[in-house]
Amino acid sequence: MTTSIPISQTQHFNWQECLWYLNRGFDDCIYQVRAGSVRRAFELEGQQMLVDISYADGSLKLQWLAGLQSTSTINHVHQFVADWFDLERDLTSFYTHLQANKSLAYMADNFKGLRFIGMPDLFESLAWGIIGQQINLSFAYKLKRRLVETYGTSLRYDNEQYWIFPSPANLASLEPAVLRDLQFSQKKAEYLITIAKLFADNAISKPILFALPDFLSRQKLLTDIRGIGVWTANYVLMKSLKENSSIPYGDVGIINALIAHSIISDKKDVKAIDAFYSEFPGWESYLTFYLWRSLAVKPGN
DNA sequence: CTCCAGGTATTTT
DNA sequence: AAAATACATGGA
Numbered sequence: 008m009t010t011s012i013p014i015s016q017t018q019h020f021n022w023q024e025c026l027w028y029l030n031r032g033f034d035d036c037i038y039q040v041r042a043g044s045v046r047r048a049f050e051l052e053g054q055q056m057l058v059d060i061s062y063a064d065g066s067l068k069l070q071w072l073a074g075l076q077s078t079s080t081i082n083h084v085h086q087f088v089a090d091w092f093d094l095e096r097d098l099t100s101f102y103t104h105l106q107a108n109k110s111l112a113y114m115a116d117n118f119k120g121l122r123f124i125g126m127p128d129l130f131e132s133l134a135w136g137i138i139g140q141q142i143n144l145s146f147a148y149k150l151k152r153r154l155v156e157t158y159g160t161s162l163r164y165d166n167e168q169y170w171i172f173p174s175p176a177n178l179a180s181l182e183p184a185v186l187r188d189l190q191f192s193q194k195k196a197e198y199l200i201t202i203a204k205l206f207a208d209n210a211i212s213k214p215i216l217f218a219l220p221d222f223l224s225r226q227k228l229l230t231d232i233r234g235i236g237v238w239t240a241n242y243v244l245m246k247s248l249k250e251n252s253s254i255p256y257g258d259v260g261i262i263n264a265l266i267a268h269s270i271i272s273d274k275k276d277v278k279a280i281d282a283f284y285s286e287f288p289g290w291e292s293y294l295t296f297y298l299w300r301s302l303a304v305k306p307g308n
């Protein structure tokens, strides 16, 4: 079976750019990029399913390779994919802002049509934020894969294995020692298990965060949790809750990108960073994402 | 061997 | 309030 998700503003949508970002040189175990499509497994209503996502004629095409579909699971996956690839956005204003900055104008051409790649699953997003703190990304992706392949579930299709991120309940009962064995630091092991318990107890969820009145109250709920500082909170708010103006302060990738573009010269110059971001009101998250994109080297770029 | 990684909590000035 | 330090370990 195939279902279809129409894309608004197709003049600012480039599927190959999105796929390239997904496959930019890191090994994310939670999806599989192929020629022209990406495959991802889901577990919904106790049922595993596998979906192949490709692009044609102004729409994303979802081919349901495994698992029975119901109206509710189709709706859930459609919403997930729309969030994942930020399909509702109109980027016209963002590109106008980029073009106004001499150092960044090239991005409006080179990265044209690249949508903000989100992380719709809040638990996965928080776990990934914790894992990624203060270690290089290659190692972070290895830790994620070990976690997923040890405590997640998977399905097999066409001789390939597709992994599903472990549920909070599966991690909530763990002892830190077993994550230490996967080479998590003691602190990260404790943070992750604590957060899994919060999810399992429904003390945190997307609806709970969305019910709060503003960005700062959502940020505070997150940073009150041990192991979540401003960087992780803002990262999650932009990757999972689609906050438009969230800046992961302290992010070494942002700092390196700004230095590489000669926008700042001192990594501690927070004022210069804020002044720079103030040129992009409402687009701070997108700008951050494009700065990260600029750090990845594309052959021929 | 040294320094740095998509930081955070804790301790010390 | 601001600055220094421990945490942990792979990669360059």
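In the numbering used here, the protein residues as written are 8 to 308.
Backbone N, C-alpha and C fix where the C-beta goes; we use that ideal spot for every residue, glycine too.
| Query | Result |
| --- | --- |
| Three or more C-beta pairs under 8 Å: does that hold for the region 159–169 against the region 226–243? | no |
| Would you kindly check if the distance between the Cβ of residue 202 and the Cβ of residue 133 is under 7 Å? | yes |
| State the Cα-Cα distance for the pair residue 184 and residue 206, rounded to the nearest angstrom. | 21 Å |
| What's the C-alpha gap between residue 85 and residue 288? | 29 Å |
| Which residue comes first and which comes last in the alpha helix (DSSP H) that contains residue 114? | 112–117 |
| Considering only residues of the same chain and omitting the five flanking positions on each side of residue 264, which have a CB-CB separation below 8 Å? | 298, 299, 301 and 302 |
| Within a Cβ cutoff of 8 Å, which residues of the same chain sit near residue 100, ignoring the five residues on either side of it in sequence? | 289 and 290 |
| Please tell me whether residue 60 and residue 67 are closer than 7 Å, where the distance is taken between their beta carbons. | yes |
| With a CB to CB cut of under 7 Å and the five nearest residues on each side skipped, what residues in its chain are close to residue 111? | 105 and 268 |
| What's the gap between the Cα of residue 48 and the Cα of residue 39? | 9 Å |
| DSSP puts residue 163 in a beta bridge; with which residues? | 168 |
| For the alpha helix (DSSP H) that residue 129 lies in, which residues bound it at each end? | 129–139 |
| Please determine if the region 170–185 and the region 138–147 are in contact, where contact requires at least 3 C-beta pairs separated by less than 8 Å. | no |
| Counting along the chain, where does the beta strand (DSSP E) carrying residue 146 start and finish? | Residue 146 -> not in any beta strand (DSSP E); alpha helix (DSSP H) instead, spanning 144–158. |
| Which value, in whole angstroms, describes the spacing of the CA atoms of residue 41 and residue 63? | 15 Å |
| Is residue 121 helix, strand or coil when you go by DSSP? | coil |
| Just grab the DSSP bridge partners of residue 46 for me. | 39 and 59 |
| Which residues does DSSP pair with residue 66 in a beta bridge? | 13 and 63 |
| According to the Cβ coordinates, are residue 46 and residue 92 closer than 7 Å? | no |
| Is residue 274 near residue 262, with beta carbons less than 7 Å apart? | yes |
| How would you call residue 139, buried or exposed, if buried means at least 16 neighbouring beta carbons within 10 angstroms? | buried |
| To the nearest angstrom, report how far apart residue 108 and residue 53 are at their CA atoms. | 49 Å |
| Where residue 216 and residue 95 are concerned, what is the direct C-alpha to C-alpha distance, given to the nearest angstrom? | 21 Å |
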